[in-house]
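What follows is one structure encoded as structure tokens, with my remarks underneath.
This is the structure in structure tokens:
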């Protein structure tokens with residue numbers, strides 16, 4: 001077992017996971033990779049008691065060794081303050097990219113980091129890890145306001161060709177060309193109609209509303225076509241306009257991802273405590289969750305194959321063939 005733990009690193013588990021994802025991409029109507037979601041959840045470490053010195057010094061009271069938990073990599077993190085939870089927890093945070101399937105969201109890739117790591121700082125490292133899969137192409141990544149950053153959203157689209165879709169914060173500075181809902185407007189304060197996004201020039205194009213242009217006093221001087229640079233303001237001039245139907249659908253998928261993560265993180269053991277990860281140290285915790293994501297993906301693949309490939313009456317046919325074979329073996333054949 002010790003040799004197995006040393007030889008099989010998280011990178012090897014990632015290779016196995018990526019190979020399985022490539023096979024899953026070959027299944028019809030299984031992984032819908034155009035849209036993905038990103039979110040994080042707390043992971044409760046396998047610790048008991050408070051911090052203490054675990055060194056081998058003879059005089060532990062005077063030595064300068066650091067106090068640690070029984071899991072030396074575990075740290076104190078903050079989680080959502082709910083009625084049945086403490087505001088703080090001891091452990092890690094699991095950051096995941098989730099993809100829709102016919103039977104619900106499925107985790108494709110996860111990384112384990114200290115609980116004090118900001119969500120927005122994990123976005124680009126996760127996308128870098130995503131590149132290793134090669135065949136997998138994600139165009140839109142739905143995220144909550146924890147990933148709200150103009151710098152990271154611009155880098156995501158320019159460097160990785162992935163558009164991060166978020167809402168905007170209440171205290172955000174809305175451009176003068178936009179309504180309070182974040183929708184671009186013309187000089188007459190008429191809402192513009194989105195006409196598309198040019199990924200080569202990173203320009204968002206809008207047209208005037210013909211029904212309002214007819215009676216507009218600025219009709220003679222208006223071009224009726226407007227362009228806005230994504231790099232000028234990624235939140236309002238991105239590939240998916242604010243408060244549009246596509247954005248609402250993408251944010252709805254993010255809520256599905258969030259609900260799945262809440263259900264996973266709120267699982268309890270036999271004495272009604274939050275389930276703790278059964279291994280210690282960051283590397284082993286990382287390997288544990290890669291294996292769990294791998295097994296869940298295998299379960300989904302099997303379920304999808306049964307629903308779409310295997311005939312509905314395959315069990316009856318197998319039983320029928322089995323009965324025929326039993327009858328044939330029971331015949332008394334003359335020698």
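Residue numbers (the UniProt record's numbering): 1 to 335.
Glycine included, each C-beta is placed from N, C-alpha and C at the ideal position.
- Judged by DSSP in its simplified three-state form, residue 124 adopts helix.
- Residue 99 counts as buried, since no fewer than 16 other beta carbons sit within 10 angstroms of its beta carbon.
- Our two residues, residue 52 and residue 115, have alpha carbons roughly 20 Å apart in a direct line.
- Closest option to residue 104, judged by alpha-carbon separation, among 284, 256, 178: 256.
- Between the beta-carbon of residue 38 and that of residue 113 there is about 13 Å, and that puts the pair past the 8 Å contact cut.
- Nearest neighbour of residue 193 by Cα position, chosen from 180, 199, 202, 211, turns out to be 211.
- The beta-bridge partner set that DSSP reports for residue 91 consists of 44, 75.
- When rounded, the separation of the alpha-carbon atoms in residue 77 and residue 282 is 15 Å.
- Setting aside the 5 residues that flank it on each side, residue 35 is surrounded in the same chain by 100, 140, 142, 250, 253, each with a C-beta closer than 7 Å to its C-beta; the list follows chain order.
- When rounded, the separation of the alpha-carbon atoms in residue 183 and residue 203 is 15 Å.
- Residue 202: not part of any alpha helix (DSSP H); DSSP gives it neither H nor E.
- For residue 107, there is no enclosing alpha helix (DSSP H); the enclosing beta strand (DSSP E) covers residues 106-113.
- Residue burial is scored here from C-beta neighbours: residue 262 has fewer than 16 other C-beta atoms within 10 angstroms and is therefore classed as exposed.
- According to the DSSP assignment, residue 14 belongs to the alpha helix (DSSP H) that extends over 10-24.
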